[in-house]
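There are 4 protein chains.
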Amino acid sequence: MASVLADRLARVRAHTVALAAPLTEADAQVQSMPDASPAKWHLAHVTWFFETMVLERFEPGFQPHHPAFRVLFNSYYQGVGDQHPRPQRGLITRPGLAEVLAYRSAVDARLQALLDAPPGRLPAEALALVELGLQHEQQHQELLLTDVLHLLSCNPLSPAYDAEPPAATETAAPLSWLAFDGGLVDIGHSGGGFAFDNESPRHRAWLAPHALAQRLSTQGEWLAFVADGGYRDPRWWLSAAWEWLRAERIEAPLHWRRSEADGPPQAWQTYTLNGLVALDPHRPVVHISLYEADAYARWLAAQTGQPLRLPTEAEWERAAAAGLPQAFGHAWQWTNSAYLPYPGFQPWAGAVGEYNGKFMMNQMVLRGGSLATPYGHSRISYRNFFPPSTRWQFSGLRLARDGG
Amino acid sequence: MASVLADRLARVRAHTVALAAPLTEADAQVQSMPDASPAKWHLAHVTWFFETMVLERFEPGFQPHHPAFRVLFNSYYQGVGDQHPRPQRGLITRPGLAEVLAYRSAVDARLQALLDAPPGRLPAEALALVELGLQHEQQHQELLLTDVLHLLSCNPLSPAYDAEPPAATETAAPLSWLAFDGGLVDIGHSGGGFAFDNESPRHRAWLAPHALAQRLSTQGEWLAFVADGGYRDPRWWLSAAWEWLRAERIEAPLHWRRSEADGPPQAWQTYTLNGLVALDPHRPVVHISLYEADAYARWLAAQTGQPLRLPTEAEWERAAAAGLPQAFGHAWQWTNSAYLPYPGFQPWAGAVGEYNGKFMMNQMVLRGGSLATPYGHSRISYRNFFPPSTRWQFSGLRLARDGG
Amino acid sequence: MASVLADRLARVRAHTVALAAPLTEADAQVQSMPDASPAKWHLAHVTWFFETMVLERFEPGFQPHHPAFRVLFNSYYQGVGDQHPRPQRGLITRPGLAEVLAYRSAVDARLQALLDAPPGRLPAEALALVELGLQHEQQHQELLLTDVLHLLSCNPLSPAYDAEPPAATETAAPLSWLAFDGGLVDIGHSGGGFAFDNESPRHRAWLAPHALAQRLSTQGEWLAFVADGGYRDPRWWLSAAWEWLRAERIEAPLHWRRSEADGPPQAWQTYTLNGLVALDPHRPVVHISLYEADAYARWLAAQTGQPLRLPTEAEWERAAAAGLPQAFGHAWQWTNSAYLPYPGFQPWAGAVGEYNGKFMMNQMVLRGGSLATPYGHSRISYRNFFPPSTRWQFSGLRLARDGG
Amino acid sequence: MASVLADRLARVRAHTVALAAPLTEADAQVQSMPDASPAKWHLAHVTWFFETMVLERFEPGFQPHHPAFRVLFNSYYQGVGDQHPRPQRGLITRPGLAEVLAYRSAVDARLQALLDAPPGRLPAEALALVELGLQHEQQHQELLLTDVLHLLSCNPLSPAYDAEPPAATETAAPLSWLAFDGGLVDIGHSGGGFAFDNESPRHRAWLAPHALAQRLSTQGEWLAFVADGGYRDPRWWLSAAWEWLRAERIEAPLHWRRSEADGPPQAWQTYTLNGLVALDPHRPVVHISLYEADAYARWLAAQTGQPLRLPTEAEWERAAAAGLPQAFGHAWQWTNSAYLPYPGFQPWAGAVGEYNGKFMMNQMVLRGGSLATPYGHSRISYRNFFPPSTRWQFSGLRLARDGG
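Protein chains in written order, with my numbering: chain A, 10 to 413; chain B, 10 to 413; chain C, 10 to 413; chain D, 10 to 413.
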């Protein structure tokens with residue numbers, strides 16, 4: 010068990026470093042907005058997590074790698090103590106990237122030594138925390154990419170993180186529907202393998218008959234919404250969404266750019282990790298807020314006369330258990346479920362009890378996983394969550410429909 | 010039917026004027042914060058609602074009372090057209106209070122004339138909209154009181170809206186619990202009498218076993234939370250709540266005041282519509298945000314070792330259907346349910362479709378009714394909603410507990 | 010002396026009440042922006058000044074009219090003690106207008122009793138402070154009008170403070186110049202009659218040869234600046250001015266309104282104390298910031314090839330001493346002099362030392378007097394001052410030119 | 010002439026690169042606040058100045074080094090065109106530091122080739138603009154240091170830009186005074202050598218008798234002000250200063266830190282380019298705003314009974330012409346003169362006309378030069394200017410006194 014974990018530790022940790030490899034030291038340093046973090050901070054913080062949650066508790070004779078790191082790289086754990094202010098993460102130019110990579114190596118070596126302990130010497134809790142650290146690191150792998158994308162998107166030179174052209178897409182099939190009967194379903198983690206505390210306990214929920222789109226909504230479909238003036242008509246928008254749209258002067262998904270002010274549809278481009286590319290009408294739309302996803306559903310409902318809406322997380326999970334195309338690997342899928350505790354929810358004990366539970370307010374659930382989600386990280390009970398105005402994540406939309 | 014409605018119209022409309030009677034013209038003019046509205050605006054806006062939603066559509070030869078009022082007193086109906094900006098409601102010193110009262114009288118007379126029509130001449134939709142206008146006016150009766158309370162609370166002279174001393178309370182019983190089995194329940198408006206669109210459709214929900222407190226939490230109980238340093242310990246607070254508490258320097262419920270900086274518990278007073286009075290330990294605590302209610306439940310759970318939390322709205326409604334003490338007439342009761350559409354929800358047709366549906370985001374549900382809610386206005390399926398930081402309403406707390 | 014002062018006291022105090030007479034209680038209550046104050050507050054504050062600066066020190070057996078007023082109506086005198094926060098002046102609905110008028114009457118009676126003392130019994134300092142109180146009240150008479158104008162301008166119904174049509178103007182003469190030699194001049198109050206501390210000491214200054222326009226710039230001349238795109242061309246604007254203009258979306262003087270978006274010049278109207286009226290091309294432009302006055306001078310300099318600019322306060326004062334048309338009674342005239350202490354400046358002793366001196370930073374000097382300045386209040390050494398972005402005052406422009 | 014200039018060009022340009030040598034790529038990238046700029050931006054912008062102002066106009070067959078740089082590294086020249094938004098300078102991670110250094114080298118080579126032209130071939134204006142570019146670069150050399158100091162000061166690890174310990178200071182002499190008679194003086198650049206446009210024209214000014222301190226105020230003297238509660242007493246502070254102090258929670262000069270909350274004076278440290286060091290009571294105080302300098306003078310005036318104040322810029326310049334100790338090389342010295350045009354001021358022709366003139370509002374003049382000012386860059390007519398709240402510059406204080 011511990012040696013399997015040791016191998017996995019080595020692989021996951023190396024993958025993070027590989028993701029940061031295309032970055033210059035300057036790229037790795039900058040925080041482009043308070044919601045994002047510098048890549049260097051991600052590299053250090055996930056290491057801090059292992060040092061603080063695992064080594065500090067289980068390593069004999071533990072000494073901190075650097076006495077200041079406990080505060081400097083603490084994200085939000087009040088139980089651990091003070092934190093460097095989040096909006097100022099980008100001001101910490103020292104330690105430099107090389108020192109952070111050395112910090113990673115040192116902690117990796119100490120973790121591997123710990124895992125080398127004779128079977129049974131290391132408590133199961135230590136192994137569980139190492140696994141949690143790996144899951145945590147995978148979450149930051151995705152954040153590292155979304156944060157780098159946001160940073161580079163602020164540069165008028167439109168530099169590419171990855172100069173490879175994006176893979177070709179196949180033609181999107183016409184939108185069709187998977188119908189589901191109503192009734193009682195069981196939702197939440199069923200017990201096998203790792204899951205976050207927020208996926209438990211597994212519990213019952215009653216669903217009314219409904220259908221889910223068999224694929225995500227595409228950039229081409231979204232373009233029709235834009236072209237129809239969807240962003241200028243208050244009928245489609247929630248009140249909070251309309252205020253947000255006007256305050257932020259939102260006119261299209263994040264990273265969409267029109268070459269000419271009044272150009273034709275083909276003039277739209279989108280900024281990606283591969284640089285600025287033409288919209289691909291067959292690819293799922295991403296970088297939309299829940300506000301936009303919800304408005305799109307209302308607009309399309311009016312166009313088609315169908316009772317369209319966003320799915321709930323229970324509907325999504327039941328369908329994914331039955332088999333749902335494009336569940337993973339394309340885009341996180343907004344649901345119209347608020348991120349709230351499941352009935353009987355208990356956060357983990359100890360400092361990691363702050364991992365998920367204290368964020369259960371003012372956020373909406375996304376399900377599935379995106380092109381930036383590490384392979385094998387997500388699962389059908391996985392609950393991602395962000396405020397409804399969030400756009401810098403790879404967030405997209407799968408439609409739902411009332412009735413079977 | 011129409012004559013019953015005509016009587017009710019006269020009574021409800023007169024009650025609003027009576028509520029404003031203790032106010033000076035200055036009191037009625039001022040908007041103390043963007044969330045609140047001037048009393049004069051409330052008096053005018055509810056009249057605008059009747060004029061725009063009823064007279065404009067059903068009165069033969071309709072002429073507006075004043076051409077500017079359509080915009081001036083439109084709250085948020087995009088379907089009606091432009092609106093005077095909400096934070097600037099208090100700047101409209103003219104029309105004055107007398108003119109607004111004259112506007113009320115004129116619209117009342119026209120409504121009564123409309124309702125005098127021979128039976129069957131007035132479409133059922135017109136009668137339904139008059140009823141909606143009355144329900145709407147009752148909602149603003151409560152808002153008028155909460156907004157006046159907020160305004161007067163800003164005055165260091167602590168003037169009283171109502172100079173009568175508050176009624177004496179009985180002794181609060183020790184906290185006890187009403188246990189409920191799990192299972193399928195039906196939630197939502199069951200069809201008899203008026204209800205808002207957001208209470209429909211009636212639908213099934215699955216509940217786990219739980220218990221609800223048989224009364225609301227009291228000011229005396231809350232004082233123990235304050236005295237224990239509850240407002241200074243991040244363990245009890247959601248992340249968003251802790252940020253809010255620190256940014257706003259929250260140390261106690263809204264309107265609580267300590268006579269001396271380090272005085273004893275009995276030194277706490279609270280500002281009410283009757284002026285500044287001593288805390289009454291047996292009376293329900295009010296003017297707390299959901300953030301505070303949630304933190305209190307966590308704190309008390311740690312004190313008592315019980316799995317305490319806020320109820321969900323389905324739990325509350327099922328219990329209220331079975332019989333729940335202090336359901337109405339004391340304080341709106343925060344639930345931990347997000348204000349989201351019921352499965353299959355459809356907003357009303359026409360302009361009044363904006364009444365409730367477009368606010369279904371970033372708000373939490375409160376159930377019950379307060380001392381300021383007009384008698385007979387609320388019901389067990391009633392869904393009140395506010396953002397989780399809201400405190401100027403008469404909002405309180407009923408605890409729930411996992412397990413039977 | 011004291012009886013002359015008593016007469017003057019009665020007249021000045023009555024004039025303030027007369028200025029407030031056209032206001033409803035609601036008009037008198039509202040604070041339309043933090044820089045402005047409610048008319049009721051002006052009525053009370055000037056009374057507070059007499060009570061605190063005169064009665065409290067010189068009335069035998071002084072008792073405060075109301076114990077809370079000392080804080081409530083203190084504007085900014087740290088030496089007196091705490092102050093009610095300036096942006097919250099409009100929230101004080103009680104005491105009401107009638108109580109404030111009663112406060113005025115009571116203090117007036119006590120002041121008259123004080124002034125009735127036998128000759129020689131009242132110290133000269135007391136008389137001087139009464140005179141200061143009258144000068145102070147006259148300043149607030151003008152502020153009351155500018156603040157009411159701002160408040161009513163926020164009302165889309167465009168109510169008039171004074172329903173009389175504005176007086177007809179004569180035809181403005183073509184712009185001509187009064188030339189002045191360079192050399193040493195004496196500036197500042199020369200000793201006769203009342204003056205504020207900031208007008209002293211009289212001192213020497215060296216002036217280069219220059220000329221001043223013999224009249225103020227007119228609305229008609231300003232219209233040419235607007236029509237030429239002057240508000241959209243960064244060449245004419247100081248850096249801080251250009252940032253301000255863009256942030257505030259400034260396109261014309263405050264209170265100018267275009268009936269149609271692309272209407273002809275004659276379509277411009279301006280909101281005044283007499284309501285909305287057509288621009289009068291012969292009348293001086295008012296409600297311009299220093300930023301706009303400065304930009305206009307640069308634009309006109311480029312149009313005409315002349316070295317145009319704003320005058321300095323020393324140039325203005327020397328010219329006014331020699332005789333300067335339109336020095337008083339039309340508009341305060343922006344100078345390009347910062348409001349700083351004269352060489353050897355000493356603030357008055359005691360609490361009134363805060364009257365002027367502590368504002369000598371971040372403000373620019375205006376000279377002359379406006380149509381709203383009480384007759385006889387201003388003088389050639391008078392220094393009015395506001396931040397360079399200020400527009401709600403009756404502020405206009407007299408051009409200067411380098412060289413004789 | 011051109012070859013002397015070529016040598017100077019090489020030396021000044023190399024010095025900038027040397028100043029940046031201790032910085033990591035991360036240090037050079039980050040913008041710690043909107044007022045500051047990244048070191049990399051400074052390196053690029055001063056190069057842009059040469060490319061745009063000199064090469065673009067005078068190099069035959071000019072081609073831009075990179076087409077995007079014209080906007081990217083334009084600071085504020087509207088005449089040149091668009092500018093990358095100032096607060097987003099730190100987001101431009103590419104071009105990287107190496108590319109910027111290559112940009113520098115390329116432009117240097119092209120400038121040297123231009124200067125190699127046969128005598129008389131290059132217009133005098135070109136030579137003047139090269140000289141202006143060098144003066145401009147020297148200004149940015151100082152800004153680079155102040156901006157790096159600010160950035161590193163945000164790091165809780167307190168890294169040093171320069172690990173050398175600060176040079177020892179001599180003992181500060183007791184404060185004594187240099188007395189000056191009143192009368193007419195000539196102020197402004199007298200014509201020899203380079204000067205900025207804002208130092209002209211030379212003109213007369215009348216001064217009253219006064220004295221200037223023969224040295225700057227020291228850290229030790231300032232500590233007495235802090236210890237006496239000077240930062241908590243509104244009597245000493247201008248109104249705008251007191252608001253600023255309270256809003257920003259100012260308690261001591263920028264970069265002063267108290268090891269223990271209530272420690273003794275010797276517990277104060279100050280963060281410098283050499284890292285965190287003990288206060289040196291004999292060294293001039295730096296990193297104070299004008300607000301603080303002014304308050305200190307008022308406090309000391311009350312302590313000593315002397316009419317102390319800040320000097321005017323004319324007083325400073327006249328004294329410097331006569332010989333003023335510590336005029337240069339220690340700290341910029343706040344004057345109580347607003348930064349306004351001299352009588353008859355004309356900005357330079359062309360794009361460089363925006364260099365100084367458009368900032369003549371809302372700023373106060375500093376005279377002299379600091380330890381970070383390049384040797385030989387300043388002069389007695391030099392006018393530095395910043396808003397009165399500015400603290401991140403090396404700004405200090407020389408007292409003045411009314412009377413001889």
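Glycine included, every Cβ here is placed at the ideal spot set by N, Cα and C.
Pro218 (chain B) and Gly191 (chain B) do touch by the CB rule: their CB atoms are close to 4 Å apart, below 8 Å. Closest in alpha carbon position to Pro132 (chain C), among C:Phe67, C:Leu285 and C:Ser209, is C:Phe67. Under the Cβ distance rule, Arg258 (chain C) does not count among the residues neighbouring chain B, no pair being separated by less than 7 Å. Excluding residues up to 5 positions away in sequence, Ala181, Pro290, His291, Arg292, Pro293 and Val294 lie with their Cβ nearer than 7 Å to the Cβ of Thr227 (chain C) in the same chain. Ser41 (chain C) has its alpha-carbon roughly 41 Å from the corresponding atom of Ala306 (chain A). In the DSSP assignment, Gly200 (chain B) falls outside any alpha helix (DSSP H) and carries neither an H nor an E. Per DSSP, the unbroken alpha helix (DSSP H) holding Phe234 (chain A) starts and ends at Gln228 to Ala236.
At least one CB of chain D lies nearer than 7 Å to the CB of Ser41 (chain A). Judged by DSSP in its simplified three-state form, Arg241 (chain D) adopts helix. If you check the CB distance, Ser298 (chain C) and Arg392 (chain C) do not come in under 7 Å. Counting C-beta pairs with one atom in each stretch, the segment 255-264 of chain C and the segment 135-150 of chain C have fewer than three that are closer than 8 Å, which means they do not touch. Along the segment 68-91 of chain B, going in chain order, the ones with a CB nearer than 8 Å to a CB of chain A are Tyr85, Gln87 and Gly88.
For Pro47 (chain C), the CB contacts under 7 Å within the same chain, skipping 5 residues up- and downstream, are Ala37, Gln38, Val39, Gln40, Arg98 and Gly99 in chain order.
For Lys367 (chain C), the chain D residues whose C-beta falls within less than 7 Å of its own C-beta are Leu247 and Ser248, listed in chain order.
Considering only beta carbons, the part of the segment 351-362 of chain A lying closer than 7 Å to chain B consists of Pro352 and Gly353, in chain order. If you draw a straight line from the Cα of Tyr112 (chain D) to the Cα of His74 (chain D), it is about 7 Å long. Neighbours of Ala35 (chain B) in chain C, taken as residues whose beta carbon is under 8 Å from its own, are Glu34, Ala35, Ala37, Gln38, Lys49, Thr102, Arg103, Gly105 and Leu106 in chain order.
Taking 8 Å as the upper bound for CB-CB distance, Arg17 (chain A) and Leu143 (chain A) are in contact here, some 6 Å apart.
When DSSP states are grouped into helix, strand and coil, Gln97 (chain C) belongs to the helix group. For Pro397 (chain A), the C-beta contacts it makes with chain B under 9 Å involve Met370 and Asn371, in order along the chain.
Nearest CB-CB separation between Asn164 (chain B) and chain C: below the 7 Å threshold.
Taking a contact as a CB-CB distance under 8 Å, the pair Ala409 (chain D) and Leu221 (chain D) counts as one, their CB atoms being some 5 Å apart.
Taking the Cα of Pro183 (chain B) as reference, the smallest distance to any Cα among B:Arg211, B:Gly229, B:Leu158 and B:Cys163 is reached at B:Gly229. Contact check for Thr56 (chain B) and Val116 (chain B): beta-carbon distance about 5 Å, within the 8 Å limit, so the pair qualifies. Taking every protein chain shown into account, the CB of Tyr384 (chain C) has fewer than 16 other CB atoms within 10 angstroms, so this residue is exposed.
Counting only the Cα atoms, Ala331 (chain B) lies some 29 Å from Thr321 (chain A). For Val374 (chain B), the enclosing beta strand (DSSP E) stretches over residues Met373 to Gly378. Beta bridge pairing from DSSP links Phe395 (chain D) with D:Met373. Contacts with chain A at 7 Å (Cβ-Cβ) include Pro168 (chain D). Comparing alpha carbon positions, the residue from B:Pro356, B:Trp277, B:Pro334 and B:Thr279 closest to Pro316 (chain A) is B:Pro356.
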